[in-house]
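Numbering (my numbering), first residue to last: 1183 to 1506.
Beta carbons: idealized from backbone N, C-alpha and C, even for Gly.
Below is one structure, written out as structure tokens; the observations come after it.
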């Protein structure tokens, strides 16, 4: 028998040898990542200098978890994640995309980043189906909390979606229980350690499944003083092992149930990023974009021009949004 005949060939055999399986996942992740860094401005800062634009389509009306620092809102003034001026239907999103390209011809990336979670409804799949039909040349991406990523990853890969950002703020359920208020699973609200344990397992399995299906994975982690500030390295190790290629460490915006916690100092943020960089690449040019951002990263944002021209109605801050 040749030596290579002893090597695992099926997924089951690879999983039986955890070390070999993890190496296989890392190899796949490296291939996925090397491609996306050449074309996506959110993975490569130098691409911004070449004026490659992106548009976020705000088509996600629901979320299946509640983070203690998250406030979803509809307005035209705040510049942070979880904010949009309106919720679009998939058909409206296609129309918005066409107008966005007319206003900013540099648009090369179309993403779904909220304001809810793209996997909590079928809106993102329907939208990417339309985008793939009408604008197959555009790079497609989305962000998610990862709760349903394992079961949905292949569907997005089949629509030529190239990357996903997964928000993972802790991999210790006791720490995570201080970050998440609840997680909705099959219509049931889970709380505390039970909720966090379910979410963490889903996130890590989802990252692995996304990588297997050809998606490059970036992880967003919010640095929260007094809660997870000493846990970021452990989180990075876990997501890197699952197949994530790069991590974005974001300072807390004090709001909602964590409004009493100050954001990390610049020195603490810098120190944490340097520590994590020993484990995996760190994404350092995050703009903390709105869910309806449009334009060139680091340059002019055209979202106000786009939505003012279309005169879409501005819903109230909670009327069109659901956490379950």
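Cross-strand partners of residue i (DSSP beta bridge)
{"i": "residue 1433", "result": "1405"}
{"i": "residue 1467", "result": "Paired residue(s): none; residue 1467 is not in a bridge."}
{"i": "residue 1476", "result": "1237"}
{"i": "residue 1490", "result": "Answer is none; residue 1490 lacks a bridge partner."}
{"i": "residue 1398", "result": "1345"}
{"i": "residue 1366", "result": "1371"}
{"i": "residue 1483", "result": "1477"}
{"i": "residue 1428", "result": "1400"}
{"i": "residue 1300", "result": "The partner list for residue 1300 (beta bridge, DSSP) is empty, contrary to what the question assumes."}
For residue i, the first and last residue of its enclosing beta strand (DSSP E)
{"i": "residue 1290", "result": "1289-1294"}
{"i": "residue 1360", "result": "Where residue 1360 is concerned, there is no enclosing beta strand (DSSP E), given that its DSSP letter is neither H nor E."}
{"i": "residue 1248", "result": "1247-1249"}
{"i": "residue 1322", "result": "1321-1326"}
{"i": "residue 1343", "result": "1343-1349"}
{"i": "residue 1371", "result": "1370-1372"}
Extent of the continuous alpha helix (DSSP H) to which residue i belongs
{"i": "residue 1422", "result": "1414-1424"}
{"i": "residue 1331", "result": "1331-1339"}
{"i": "residue 1309", "result": "1305-1316"}
{"i": "residue 1258", "result": "Counting along the chain, residue 1258 falls outside any alpha helix (DSSP H), and DSSP gives it neither H nor E."}
{"i": "residue 1281", "result": "1272-1285"}
{"i": "residue 1451", "result": "1448-1458"}
For residue i, the nearest candidate out of the options (CA to CA)
{"i": "residue 1245", "options": "1258, 1363 and 1429", "result": "1363"}
{"i": "residue 1252", "options": "1233, 1290 and 1298", "result": "1298"}
{"i": "residue 1384", "options": "1412, 1343, 1404 and 1349", "result": "1349"}
{"i": "residue 1465", "options": "1471, 1442, 1455 and 1304", "result": "1455"}
{"i": "residue 1290", "options": "1238, 1311 and 1339", "result": "1238"}
{"i": "residue 1248", "options": "1372, 1325, 1321 and 1272", "result": "1372"}
{"i": "residue 1390", "options": "1476, 1336 and 1321", "result": "1336"}
{"i": "residue 1591", "options": "1379, 1392, 1431 and 1295", "result": "Residue 1591 is absent from the structure shown; the chain starts at 1183 and stops at 1506."}
{"i": "residue 1304", "options": "1330, 1283, 1288 and 1280", "result": "1330"}
{"i": "residue 1382", "options": "1420, 1392 and 1308", "result": "1420"}
{"i": "residue 1450", "options": "1308, 1411 and 1342", "result": "1411"}
{"i": "residue 1175", "options": "1440, 1334 and 1414", "result": "What the structure shows of the chain is the stretch from 1183 to 1506, and residue 1175 is not part of that stretch, so it cannot be assessed."}
{"i": "residue 1343", "options": "1356, 1359, 1278 and 1310", "result": "1310"}
{"i": "residue 1397", "options": "1436, 1416, 1415 and 1340", "result": "1340"}
{"i": "residue 1358", "options": "1463, 1250, 1307 and 1483", "result": "1250"}
Between the CA atoms of residue j and residue i - distance to the nearest angstrom
{"i": "residue 1276", "j": "residue 1461", "result": "39 Å"}
{"i": "residue 1234", "j": "residue 1458", "result": "28 Å"}
{"i": "residue 1386", "j": "residue 1292", "result": "25 Å"}
{"i": "residue 1203", "j": "residue 1425", "result": "Note on residue 1203: pLDDT 49, under 50, position unreliable in the model; no value is reported."}
{"i": "residue 1433", "j": "residue 1479", "result": "19 Å"}
{"i": "residue 1401", "j": "residue 1285", "result": "31 Å"}
{"i": "residue 1448", "j": "residue 1405", "result": "11 Å"}
{"i": "residue 1418", "j": "residue 1429", "result": "7 Å"}
{"i": "residue 1332", "j": "residue 1352", "result": "18 Å"}
{"i": "residue 1388", "j": "residue 1369", "result": "20 Å"}
{"i": "residue 1446", "j": "residue 1407", "result": "6 Å"}
{"i": "residue 1375", "j": "residue 1317", "result": "43 Å"}
{"i": "residue 1294", "j": "residue 1283", "result": "16 Å"}
{"i": "residue 1195", "j": "residue 1399", "result": "Any reading at residue 1195 must be qualified, since the residue scores a pLDDT of 47, below 50, and its modelled position is unreliable; the value itself is stated next. So the two alpha carbons sit approximately 24 Å from each other."}
{"i": "residue 1312", "j": "residue 1361", "result": "35 Å"}
{"i": "residue 1392", "j": "residue 1354", "result": "22 Å"}
{"i": "residue 1240", "j": "residue 1366", "result": "21 Å"}
{"i": "residue 1414", "j": "residue 1453", "result": "11 Å"}
{"i": "residue 1193", "j": "residue 1427", "result": "Reliability of the predicted coordinates at residue 1193 is poor, the pLDDT of 46 falling under 50, and no value is obtained from them."}
{"i": "residue 1484", "j": "residue 1346", "result": "23 Å"}
{"i": "residue 1416", "j": "residue 1288", "result": "38 Å"}
{"i": "residue 1395", "j": "residue 1315", "result": "20 Å"}
{"i": "residue 1439", "j": "residue 1254", "result": "13 Å"}
Within-8 Å CB hit, residue i to chain D
{"i": "residue 1395", "result": "Of the chains in the structure shown, none is chain D; there is only one protein chain."}
Burial state of residue i, where buried means 16 or more other Cβ atoms lie within 10 Å
{"i": "residue 1236", "result": "buried"}
{"i": "residue 1422", "result": "buried"}
{"i": "residue 1261", "result": "exposed"}
{"i": "residue 1327", "result": "buried"}
{"i": "residue 1467", "result": "exposed"}
{"i": "residue 1268", "result": "buried"}
{"i": "residue 1490", "result": "exposed"}
{"i": "residue 1378", "result": "buried"}
{"i": "residue 1271", "result": "exposed"}
{"i": "residue 1280", "result": "exposed"}
{"i": "residue 1472", "result": "buried"}
{"i": "residue 1322", "result": "buried"}
heavy atom of the ligand ADP below 7 Å from residue i C-beta
{"i": "residue 1401", "result": "The model depicted lacks the ligand ADP and carries no ligand whatsoever."}
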